[in-house]
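>
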Amino acid sequence: MFQECQSLYTEMAEYNAYQGSWFEKKKKETFPVKLKFGLEVCYSPEHEKDIEKIKSLYSFDFLAGSIHFIDGWAFSHLKQRWDKKDYDLKKLYTRYYEIMYKLVQSKLFSGLSHPNSLQCFGAYPEEDFSKEYDNIACALKANAMYVEESSGLAINYDDKELGMNKEMLKYMQLHDVSIITASDAHYPKDVGKLIPEMNVLLSKEIKRM
Ligand SMILES: [Zn+2]
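The sequence shown begins at 4 in our numbering and counts up one residue at a time.
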């Protein structure tokens, strides 16, 4: 099915008329969806050079950057659940958004994945982070990057908040950042889950502004 592999079928297609027309038909087949091929890549500031190197080896349609670690700590592992009462949430979120800002400024990615994953175990940001949201949104816009409105946390962690928090979303829309819905499906059955619901949320927010 890949144009790149067409040359592997020459003898088969020339074998007889039936095989030739079967192959011709396959080549002409079109589908009502356009697929893009890309990866979501873990970002950590200390590995920018490594990511750059790997990125240069392949050609992707897109590369989404995401944060799964804060200074080595994998905060979203289900087997490593944590409780917000054991952490200084203000410090934690400040560092999280600092890394997020660096991700956006690294110019390594076309988009920012699930910008809310630190709340996967219910530790929502409690302080006012509007300045951080403003900076991140500005940087996304300046680097022509999109941000994901993701149902991944709701699907994979049973998070009660769907997509970005209202304040973050407000700044994304304020700076006209391109927002792309994503289900971050870990299983095929979850592909596209909750996207209609997120579309409703997105259109509501725009009306509210
Ligand atoms: Zn991820």
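Built from N, CA and C at the ideal position, the CB exists for glycine as well.
All values reported here derive from a predicted model rather than from experimental measurement.
1. Whole angstroms is fine: what's the gap from Cys45's alpha carbon to Leu143's?
2. Is Leu165 helix, strand or coil when you go by DSSP?
3. What residue does the alpha helix (DSSP H) around Ala145 start on, and which one ends it?
4. His71: beta carbon under 7 Å from a heavy atom of ligand 1?
5. Assuming Ala67 contacts Glu43 under a Cβ cut-off of 8 Å, what Cβ separation, rounded to an integer in Å, is found between them?
6. Spatial neighbours of Val194 within its chain, please: C-beta separation below 7 Å, excluding the five flanking residues on both sides.
7. Quick one: what's got a C-beta closer than 8 Å to Glu51's C-beta in the same chain, skipping five residues either side?
8. Within its chain, find whatever has a CB closer than 7 Å to the CB of Ile102; leave out the 5 residues flanking it on each side and keep chain order.
9. Could you pull out every residue in the same chain whose Cβ sits closer than 7 Å to the Cβ of Glu129, ignoring the five residues on either side in sequence?
On the basis of the supplied data:
1. By 1-based counting over the sequence shown, the position of residue 45 is 42. By 1-based counting over the sequence shown, the position of residue 143 is 140. Distance between Cys45 and Leu143, taken at the CA atoms: about 17 Å.
2. Translated into positions along the sequence shown, residue 165 becomes position 162. In the structure shown, Leu165 sits in coil (DSSP, three-state: anything other than H, G, I, E or B).
3. As a first step, residue 145 is located in the sequence shown; it is residue number 142 there, counting from the start. Per DSSP, the continuous alpha helix (DSSP H) segment holding Ala145 begins and ends at 133–145.
4. Counted from its first residue, the sequence shown places residue 71 at position 68. Within the cutoff, so yes.
5. For the purposes of this step, residue 67 is taken as residue 64 along the sequence shown, with counting starting at 1. For the purposes of this step, residue 43 is taken as residue 40 along the sequence shown, with counting starting at 1. Rounded to whole angstroms, the Cβ separation of Ala67 and Glu43 is 4 Å, and the two are in contact under 8 Å.
6. As a first step, residue 194 must be located in the sequence shown, where it is residue number 191. Counting only Cβ-Cβ distances below 7 Å, and skipping sequence neighbours, we find Ser186, Ala188.
7. Reading the sequence shown from its first residue, position 48 is the one you call residue 51. Here the set comprises Ser109, Leu111.
8. As a working note, residue 102 is residue 99 in the sequence shown. Closer than 7 Å at the Cβ level, and outside the excluded window around Ile102, lie Pro48, Ile70, Ile73.
9. Here residue 129 refers to the residue found at position 126 of the sequence shown. Counting only Cβ-Cβ distances below 7 Å, and skipping sequence neighbours, we find Leu92.
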